[in-house]
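Worksheet: the structure to be examined is printed underneath.
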Amino acid sequence: AGYLAPWLGVGVLAACVRQASWTQSYAVPAALFALAAVWTVTPLHTLALAGCHRRCPLAPVGWRADRDCLRFGGTIGLACVASCWPLMLACAFTGHSVIAMAGGMAVSALERWPYRPRQREAWLATAALAAIYVVLAVLPPVTAFAEQASKPIIAAATSTPFILGARATHISLSTSKDSVLRHINHRPEKRYFLGIENLRSGVDSPAFAVYLNLPPDGDIAKSSQRFAGHMPLFGVREATRGKAGVPGTGLTYRFDVTDVLRRLASQPKWDPARLRVSFIPERWEGKAEVRVGQVVLVESVPGGR
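All the letters of the sequence shown, read from the start, carry residue numbers 105 to 409 under this note's numbering.
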């Protein structure tokens, strides 16, 4: 009971403090392990550690024996609290992690090694625990930053659905004033993808060639450098119909237009605010009609989602 009382007091205090939201971060145990590593090499710690090994005579029987045991337990308990309070608090603030508890036990054993305490090894072990929790504290923000950096950015897009017919269709993409497309040739690590999303039709026959910024005369023969890709639309009717009474979402195409955009951006009159996408019918039958949900130009990085 004497030995347990000091530790109960520390435990209750730690449990109360741990209710605060700021203690849930790995930074707290990292700081406490660092403090424990510093505390290990201080004269006060050495003095407290010596108190853990101090013995005193005990009465053999009777109430004096109970008194002496209680006093001896309290003395040793206070000495132990003084010698390793930062280490024990660090373990408590990890939520009693297996790594922290095993490391704390190893440090305590090294400090109390029979005949010759291994304080240097104890310091190294505590410093290693601090390093582990520093990494754990830093890793989530770094990971979040990396995920944010690799997240695709919508560089331009249409605002409303539109219809493709038997004649060429030209649509403009909306961009912001500070669009990433203004600096496309200064961002060699970036890739650009043109998405034509949710194409729906009642027939499978239509097919289109897709171009970026066709010249005013619309001469396709001279515009191979502006070609984005083909849309054969095979299976569009089935994708539109859906299954089990649920309408389908249609087809979606993705084209890597990085090289096309870089060629356009190298021209003197390049203006990302005037980016146009042209759909040139290659195969058309009857009164077929194709509805396009949205056209999106996305900036991404290799390995990004």
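Heads up, the beta-carbon is just placed ideally off N, CA and C, and yes, glycines get one too.
- Going by beta carbon distance, what residues of the same chain come within less than 6 Å of R295, once the five residues before and after it are set aside? If you number the sequence shown from 1, residue 295 lands on position 191. Excluding positions up to five away in sequence, the list reads T362 and S404.
- Query: Does the distance from the CB of G54 to the CB of R358 come in under 8 Å?
  - Reply: For the chain, the structure presents residues 105 to 409; residue 54 sits outside this window and is missing.
- From the DSSP output, in three-state form, read off F338 for me. Working through the sequence shown from its first residue, we reach residue 338 at position 234. F338 falls in the coil class under three-state DSSP.
- Query: If we ignore side chains and look at the alpha-carbon of each, how far apart do P256 and V399 end up?
  - Reply: Residue 256 sits at position 152 when you count from the first residue of the sequence shown. Residue 399 sits at position 295 when you count from the first residue of the sequence shown. Rounded to the nearest angstrom, the two C-alpha atoms are 15 Å apart.
- Query: Is the Cβ-Cβ distance between P110 and G208 less than 8 Å?
  - Reply: By 1-based counting over the sequence shown, the position of residue 110 is 6. By 1-based counting over the sequence shown, the position of residue 208 is 104. Not a contact, by the Cβ cut-off of 8 Å.
- Task: Let me know the secondary structure DSSP gives D323 once reduced to three states.
- Result: Within the sequence shown, residue 323 is the residue found at index 219, counting from 1. Reduced to three states, the DSSP call for D323 is coil.
- Message: Rounded to the nearest angstrom, what separates V307 and A392 at their Cα positions?
- Response: As a working note, residue 307 is residue 203 in the sequence shown. As a working note, residue 392 is residue 288 in the sequence shown. Looking at the two C-alpha atoms, the distance is approximately 6 Å.
- Task: Reducing DSSP to helix, strand and coil, say where D375 ends up.
- Result: The residue given as residue 375 occupies position 271 in the sequence shown. Residue state, collapsed to three classes: coil.
- Excluding sequence positions up to five away, which residues of its chain have a Cβ less than 6 Å from the Cβ of T273? Start at 1 with the first residue of the sequence shown, and residue 273 comes out as number 169. Contacts found: F383.
- Message: To the nearest angstrom, how far is the alpha carbon of Y130 from that of T198?
- Response: For the purposes of this step, residue 130 is taken as the residue at position 26 of the sequence shown. For the purposes of this step, residue 198 is taken as the residue at position 94 of the sequence shown. Answer to the nearest angstrom: the Cα atoms are 7 Å apart.
- Message: By alpha-carbon positions, which one of H334, E389 and A261 ends up nearest to S276?
- Response: Position 172 of the sequence shown, counting from 1, holds the residue named residue 276. For the options H334, E389 and A261, the alpha carbon positioned closest to that of S276 is the one of A261.
- Message: I need the straight-line Cα distance from E389 to G333, nearest angstrom please.
- Response: Within the sequence shown, residue 389 is the residue found at index 285, counting from 1. Within the sequence shown, residue 333 is the residue found at index 229, counting from 1. Using only the alpha carbons, I get a separation of about 21 Å.
- Query: With DSSP run on the structure shown, which of helix, strand or coil describes L318?
  - Reply: Within the sequence shown, numbered from 1, the residue matching residue 318 stands at position 214. Collapsing the DSSP output to three states places L318 in coil.
- Task: Please name the residue or residues paired with I267 in a DSSP beta bridge.
- Result: Stepping through the sequence shown from its first residue, residue 267 is reached at position 163. BP columns for I267 point to R395.
- Supposed close pair R395, P265 - CB separation, criterion 8 Å: As a first step, residue 395 must be located in the sequence shown, where it is residue number 291. As a first step, residue 265 must be located in the sequence shown, where it is residue number 161. Rounded, the Cβ-Cβ distance is 6 Å, consistent with contact.
- Message: Could you compute how far the alpha carbon of F338 sits from the alpha carbon of S327?
- Response: Translated into positions along the sequence shown, residue 338 becomes position 234. Translated into positions along the sequence shown, residue 327 becomes position 223. Distance between the alpha carbons of F338 and S327: 25 Å.
- Message: Among the candidates G106, L303, P292 and S278, whose CA atom is the shortest distance from the CA of A369?
- Response: Residue 369 sits at position 265 when you count from the first residue of the sequence shown. The residue with the shortest Cα to Cα distance from A369 is P292.
- Using a Cβ-Cβ cut-off of 6 Å (strictly less than) and excluding sequence neighbours within five positions of P336, which residues of its own chain qualify? Counting from 1 along the sequence shown, the entry for residue 336 is found at position 232. Counting only Cβ-Cβ distances below 6 Å, and skipping sequence neighbours, we find A311.
- Report the three-state DSSP secondary structure of D360 (helix, strand or coil). To locate residue 360, count along the sequence shown from 1; it is residue 256. The answer is strand: DSSP assigns D360 an E or B state.
- Query: Is the Cβ-Cβ distance between P372 and T279 less than 8 Å?
  - Reply: Reading the sequence shown from its first residue, position 268 is the one you call residue 372. Reading the sequence shown from its first residue, position 175 is the one you call residue 279. Cβ distance not < 8 Å, so P372 and T279 don't count as in contact.
- Query: By DSSP, does T146 sit in helix, in strand, or in coil?
  - Reply: Looking up residue 146 in the sequence shown gives position 42. T146 falls in the coil class under three-state DSSP.
- Query: Taking buried to mean at least 16 other C-beta atoms within 10 Å of its own C-beta, is C120 buried or exposed?
  - Reply: Along the sequence shown, one-based indexing puts residue 120 at 16. Exposed: under 16 other Cβ atoms inside 10 Å.
- Message: Only counting the same chain, and skipping five residues up and downstream in sequence, which positions put a Cβ closer than 6 Å to that of R409?
- Response: As a first step, residue 409 is located in the sequence shown; it is residue number 305 there, counting from the start. Confidence at R409 is low in this model, with a pLDDT of 47, below 50, so its placement is unreliable and the value that follows should be read with caution. Result list for R409: empty, nothing under 6 Å.
- Item | Selected residue, minimal CA-CA separation from R159, among V185, D172, W167 and P147 | Counting from one through the sequence shown, the residue named residue 159 turns up at place 55. Among V185, D172, W167 and P147, the Cα nearest to that of R159 belongs to D172.
- Task: Go ahead and label W317 buried or exposed: buried means 16 or more other beta carbons lie within 10 angstroms of its beta carbon, across all protein chains shown.
- Result: By one-based count along the sequence shown, residue 317 stands at place 213. Reading the sequence as shown, one finds Asn at residue 317 and not Trp. So N317 counts as buried.
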